[in-house]
Every structure is written in C-alpha cells, then in structure tokens.
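Shown next, in structure tokens, is the structure this report addresses.
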Amino acid sequence: MPTTLADIARALGVSKMTVSRAINNHPEISPETRARILDTAQRMNYRPNQFARALTTNRSYLLGVVVPDLMHSYFAEICRGIETIAKPLGYQNLICSTDEDTANEESEVEALLPRTDGLILASSASPSETKFYRRIIRERAKMVLIDRQLEGIKCPTVTTDDVKVGELATEHLLHLGHRRVGHLQGTVASTAALRFQGYKKALAKSRVPFDAELVRECGFSESDGYRATREWLRNGDLPSAIFAANDPAAIGAMSAITEAGLRIPEDIAIVGGGNIHYGDMLRVPLTTVAWSTSEMGQAAARLLIDLVEGKRGTREQQIIVEPELVVRASCGAKLAAAV
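Heads up, the sequence shown is in the working numbering, so the first residue is 2 and it goes up one at a time.
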C-alpha cells in the first residue's frame with residue numbers, strides 16, 4: 002500500500018497536520034522539523050496525490066525549467082539540483098531546451114507559463130533584450146533566473162560571480178608569467194560579458210595592456226572554440242595562453258592546438274570555466290574555474306517554490322555561488338613549479 006501522511010506522522014511521533022504543513026511548506030513549521038519530515042517522506046517513498054492537491058490549492062505543482070542545452074552536463078546538473086528540492090515537496094519539472102535560440106526560448110516560455118506554477122530560466126537572450134520578459138513579469142509571472150542575468154528584470158536570480166570567474170582564470174595565467182593571454186569570449190549572454198570584464202580587470206591589475214586582437218568572440222560549444230582557435234592559427238598570432246569562457250570552448254581550442262602539432266601546456270596554456278564532468282579525464286586534464294551547479298539548481302528551486310507559495314522577500318533576492326580555481330595540467334603550473 003502507498004505511504005500516507007498518517008504513516009509518516011506515526012514514524013516521527015508528530016501529528017498528521019504537522020506532516021501536511023511541512024510537505025506544503027507552511028511558514029509555521031521550522032526548517033529543522035520540515036527537513037526531518039521531508040527526509041522521512043522521501044525514505045518512505047511517499048507520493049502526494051497531485052490531483053487532490055491541485056484541486057485544493059488551485060496549483061498545478063509543475064515547475065517549468067528552460068535551459069539552452071540539455072546535452073551539456075552543466076545544465077543537466079542544474080536540472081538535477083532543481084529536482085532534488087522540487088520532488089520531495091511534490092513538484093514535478095517540465096524541462097525544455099532552446100539550443101541557444103531566443104525565438105525558441107520565448108516560444109517555450111509562452112507554452113510553459115499557463116501550465117506551470119512558475120519558471121526557472123537560463124536565458125540565451127542578450128542581457129539588454131528584455132522586452133519579452135518585462136511583459137511577462139508585468140503579467141505577474143513567477144520566474145527565477147539561473148546562471149544568466151537580464152537587465153532590469155526584477156525577479157530572483159541564482160548565478161556564480163562571473164566577473165570573478167574571468168579574474169581567477171586570467172590572474173592564474175598571468176602569475177605563471179604569460180603576458181599574451183587570449184580570451185575566447187562566448188556568446189552574447191551575460192555570463193560571457195561578465196567573464197570578459199573579469200579578464201580585463203585581471204590584465205589591468207597586473208598592468209598588462211588590453212589587446213583586442215587577443216580576443217575572439219565565439220559561442221560556448223566545442224566547435225566554436227575549435228573554429229576560433231583555428232582562426233588564430235591561420236593568422237599566425239596565437240597567444241601564449243588562452244582563457245576560454247567555458248570548458249567546452251576550451252576543449253575545442255585544445256583540439257585545434259594539438260591538431261596543429263602544438264603541445265599543451267608546453268607551447269600554449271589553457272584555462273576554462275564550469276568544471277565539465279570529464280575535464281579531469283582528458284589526455285591533458287583541463288584547468289578550470291569551478292562552482293557548484295547542483296547548488297545553483299537547488300537554490301533556484303527553493304526560491305521559485307517560496308515565490309509560488311507567497312513567501313515574503315523572495316521577489317528580488319539574489320544568490321551568488323562562489324567560484325574557485327581548480328588547477329590541473331593544461332595551465333602548465335606544474336611545469337612552472339619544476340623550473
């Protein structure tokens with residue numbers, strides 16, 4: 002027989018009402034009690050009656066999740082983090098991938114909003130292209146932005162410190178003695194612009210002049226990083242080190258460099274961003290800047306559920322997950338230490 006609220010109440014020695022309130026995120030239940038009840042509910046395989054809940058609360062208990070690329074482990078990990086919070090609270094996720102296409106993104110958002118209680122969005126739009134989102138926020142849509150920001154959109158956000166990502170990566174290469182540090186900038190998304198700011202900030206702090214010729218605008222994929230680096234190789238002006246805005250672009254750059262007969266890190270050092278799950282398993286393990294994408298997903302789910310359930314103080318809340326440098330072989334730090 003399926004587990005009931007009464008079964009959970011008996012197991013914990015609390016009332017059925019307390020269990021019900023904890024599962025429905027009632028403000029009178031303390032975080033400690035709520036966590037204990039949710040943990041027990043999950044362990045006992047409790048499944049709420051979604052149809053009955055929806056009729057009682059006038060909610061769907063569905064959360065929309067829109068990301069640029071579900072094939073990318075970065076966004077898959079975000080979705081996994083969302084699920085670990087949403088599922089024990091009785092929410093299901095409807096997940097859509099936009100392929101970094103803003104028209105697809107707007108279409109998916111329009112389709113999901115009437116069917117869900119709220120939306121978690123990693124937008125592919127330019128930070129200033131906000132007309133569509135200003136309209137849906139005016140219409141009182143419940144939305145949390147994750148990974149990427151949109152200018153002037155007043156809703157909760159969960160990001161890493163992208164300026165610091167660029168700064169940590171570039172500073173590390175500068176400390177290793179590089180002065181011609183190139184940058185693969187990424188797309189028009191806010192993450193790319195902010196990491197570029199961090200790159201320039203690190204150069205300025207080390208009094209290294211900014212050189213626009215050392216910057217290549219490209220996308221966030223491996224093929225984008227490969228093409229941009231091939232362009233450097235064709236022009237014969239390859240920098241001595243590269244900071245790529247994310248790991249896939251860095252891995253694409255590594256492919257182009259090794260294909261050209263150059264060695265990593267002996268001939269050129271590389272640092273990425275995002276700590277892709279196989280980055281440490283490459284032939285030359287990739288130095289990167291890491292932050293917890295699972296933690297980002299969990300934080301976004303908590304914010305959205307609080308927003309859906311009318312908790313105060315969440316509408317403009319911002320959560321920043323701190324990044325840190327992960328040193329592996331591709332940057333040449335071990336070579337430098339051995340000299």
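Every residue, glycine too, gets a C-beta built ideally from N, C-alpha and C.
Own chain residues within Cβ distance below 8 Å of residue i, not counting five before or after
i   : result
L56 : The pLDDT assigned to L56 is 47, lower than 50, so where the model puts this residue is not dependable; a value taken from the coordinates is nonetheless given after this. Hits under 8 Å: none found.
V1  : This structure cannot settle anything about residue 1, because the visible part of the chain is limited to 2 through 340.
A87 : L64, Q93, N94, A302 and I306
Exposure label - residue i; buried when at least 16 CB within 10 Å
i    : result
S331 : buried
H27  : exposed
Q299 : buried
P104 : It should be noted that the sequence gives Ala, not Pro, for residue 104. Exposed.
G237 : exposed
M297 : buried
A23  : buried
A36  : exposed
E29  : exposed
R217 : buried
D118 : buried
P210 : exposed
G183 : buried
S108 : exposed
P115 : exposed
Y279 : exposed
Residue i (DSSP reduced to helix, strand or coil)
i    : result
T192 : helix
L64  : strand
G119 : strand
R180 : coil
S16  : coil
L6   : helix
A242 : strand
I79  : helix
M297 : helix
L146 : strand
A126 : coil
E325 : strand
R217 : strand
V166 : helix
I320 : strand
T158 : strand
I269 : coil
S31  : coil
I277 : coil
A291 : strand
R94  : Going by the sequence as given, residue 94 is Asn instead of Arg. It is a strand residue.
R303 : helix
L185 : strand
K206 : helix
I86  : helix
Contact belief for residue i with residue j at Cβ below 8 Å, rounded distance in angstroms
i    : j    : result
S124 : R149 : 5 Å
V272 : T294 : With 8 Å as the limit, V272 and T294 do not qualify as a contact, their Cβ atoms being about 18 Å apart.
A270 : L204 : Not really, about 16 Å apart at Cβ, beyond 8 Å.
V166 : G187 : Actually they are not in contact, since the Cβ atoms of V166 and G187 sit about 11 Å apart, beyond 8 Å.
L185 : I243 : 6 Å
K143 : L283 : The Cβ separation is near 40 Å, so there is no contact.
E101 : P69  : 5 Å
Residues near residue i by beta carbon distance below 6 Å, same chain, minus five either side
i    : result
L6   : K17, V20 and S21
P292 : Looking at the sequence itself, residue 292 is Trp, so the reference to Pro does not match. Correct list, in chain order: T161, V322 and P324.
H179 : S241 and A242
P89  : L39 and Q43
S207 : L175
G82  : S295, G298 and Q299
Contacting residues, own chain, Cβ-Cβ under 7 Å from residue i (five flanking each side not counted)
i    : result
P128 : Q150, L151, E152, S191 and A194
R329 : D281, P286, L287 and T288
I9   : V20, I38, T41, A42, M45 and Y47
E84  : N94
Closer than 8 Å to chain E by CB, residue i
i    : result
A300 : The structure shown contains no chain E; it is built from a single protein chain.
Report yes or no: do three or more beta-carbon pairs, one from the stretch 294–313 and one from the stretch 158–174, lie closer than 8 Å?
yes
For the pair the stretch 94–108 and the stretch 62–76, tell me if three or more CB-CB distances fall below 8 Å.
yes
So, does the stretch 247–255 touch the stretch 217–228, judging by three or more C-beta pairs under 8 Å?
yes
Would you call the stretch 260–275 and the stretch 224–241 in contact, with 3 or more CB pairs under 8 Å?
yes
Is it a yes or a no for the stretch 240–249 touching the stretch 273–287, going by three-plus beta-carbon pairs under 8 Å?
yes
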